[in-house]
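Asks: In this note's numbering, the protein residues as written are 262 to 566. Positions of the beta carbon are idealized from the N, C-alpha and C atoms, including for glycine. It should be emphasised that the depicted structure is a prediction, and the values quoted were computed from it without experimental measurement. First the structure, which I've put down as structure tokens, then a few questions once you've had a look.
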Amino acid sequence: MRETPGISEQGEQIIQDFIHALTTHEDLNPKTLKEYASDLKHFIGWFETADHQEEEVIFRIEDVATPTLTRYREAAQKVMELKPATINRRLITLKRFFEWALSESRIRRDPSKPVKLVPEEKVSPRQMTDKEEAALIAAAEHGGSIRDQTILIVMFHTGLRTMEVCDLAPGDIQIGKRSGQLTVRSGKRNKQREVPLNNTCRTALEKYLPVLPSDSPYLFPSEKTGDRLTERALRHVIQKYMKSARLEGLSAHDLRHRFGYVMAEKTPLHRLAQIMGHDSLDTTMIYVKATRADLQSEVEKIAWQ
262 MRETPGISEQ GEQIIQDFIH ALTTHEDLNP KTLKEYASDL KHFIGWFETA
312 DHQEEEVIFR IEDVATPTLT RYREAAQKVM ELKPATINRR LITLKRFFEW
362 ALSESRIRRD PSKPVKLVPE EKVSPRQMTD KEEAALIAAA EHGGSIRDQT
412 ILIVMFHTGL RTMEVCDLAP GDIQIGKRSG QLTVRSGKRN KQREVPLNNT
462 CRTALEKYLP VLPSDSPYLF PSEKTGDRLT ERALRHVIQK YMKSARLEGL
512 SAHDLRHRFG YVMAEKTPLH RLAQIMGHDS LDTTMIYVKA TRADLQSEVE
562 KIAWQ
């Protein structure tokens, strides 16, 4: 089956209704809305084609029952061979969709309520080493702008997500003599939080802010246009320095993971979760769990020489 099959006009219309409701009543970012629409389109496409080889089926929300959703979950696992995280994201989208449909009286009961998510093994991300962090910073200092250098320092020392970095405004930064903080206004699920700035961060920002155009609405604007730096452009910037530093197997998100690992060594998890904007301590736990490399190292200790 195709990853994103075509769907009926009725299916397209109900997706539009759902997204319109989210846009009207909730302050969600465009990326989240796009993911909701894509997940819902995938399910409707499956519904209209699965087990109906010889007849045309038009999606009607009232025709979806709990067994329908469990079959979809099973197909996603065994036929489509999707990753557990992808399956669960789509199931969560469907749960939200049917919750909305129930609130709109389009259905009498929510068929998704009894449907369970699939088990997910949370594997800790690869840890960036001290040497790799230093090499990345050195690459930016050698051939990069002060903006790029400051971005890397801020990401390493605050653990911000790429979207949060791109959305920062100069007014979100507060620096005192011995303390400082930045305000994240576009966190996950649009939750606002305060993140403390250590001395390294404050020093870098104090050097950078005077060269930032006084009328810039963004802390780290595009150097070409002066507009908001896109997440894609930011990832490209970071990959450029990773390539220069000859670092492999790493991404922009690993700067956030680096912060998480270093902080987890001395910081209580509930405080780290607050700083990083995690809804659950389960997410923060990945920074105290062993990585595959850690586990490999442990079993090698008993290997026959």
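(1) Do E393 and F417 have their CB atoms nearer than 8 Å?
(2) Tell me whether P386 is buried or exposed, calling it buried when 16 or more other Cβ atoms sit within 10 Å of its Cβ.
(3) From the DSSP output, in three-state form, read off L443 for me.
(4) Kindly list the residues whose CB is nearer than 7 Å to the CB of T354, restricted to its own chain and excluding five residues on each side of it in sequence; keep chain order.
(5) Could you check where the alpha helix (DSSP H) with V415 kicks off and where it finishes?
(6) How would you write the range of the beta strand (DSSP E) that I547 sits in, first residue to last?
(7) Under three-state DSSP, which class holds G272?
(8) How big is the Cα-Cα spacing for W361 and K504?
(9) How big is the Cα-Cα spacing for R263 and K438?
(10) Could you give the DSSP three-state label for I567: helix, strand or coil?
(11) Roughly how many angstroms separate the alpha carbons of K501 and H403, rounded to a whole number?
(12) Pick helix, strand or coil for I305, following the three-state DSSP scheme.
(13) Between which two residues does the beta strand (DSSP E) holding P478 run?
(14) Spell out the partners DSSP gives R454 in its beta bridges.
(15) Suppose you measure from the CA of W565 to the CA of W307; what does that come to, to the nearest Å?
(16) In the DSSP assignment, find the alpha helix (DSSP H) that holds I434 and state where it starts and stops.
(17) Can you tell me whether DSSP reads R351 as helix, strand or coil?
(18) Is R212 helix, strand or coil when you go by DSSP?
(19) Helix, strand or coil: which one does DSSP assign to R387?
(20) Hey, quick one: how far does the alpha helix (DSSP H) through D515 stretch, first residue to last?
(21) Can you grab the Cα-Cα spacing for the pair T293 / E561, in whole Å?
Replies: With the given structure in hand:
(1) no
(2) buried
(3) strand
(4) Y297, D300, L301
(5) 407-419
(6) Element bounds for I547: n/a, residue is neither H nor E.
(7) helix
(8) 46 Å
(9) Low local confidence applies: a pLDDT of 42 at R263 is under 50, so the model's placement there is unreliable, and no value is given.
(10) Residue 567 is absent from the model: the chain starts at 262 and stops at 566.
(11) 12 Å
(12) helix
(13) No beta strand (DSSP E) contains P478, which DSSP labels as neither H nor E.
(14) V445
(15) 51 Å
(16) Segment 434-436 is the beta strand (DSSP E) holding I434; no alpha helix (DSSP H) there.
(17) helix
(18) Because the chain is modelled from 262 through 566, residue 212 falls outside the range shown and cannot be assessed.
(19) coil
(20) 514-525
(21) 43 Å
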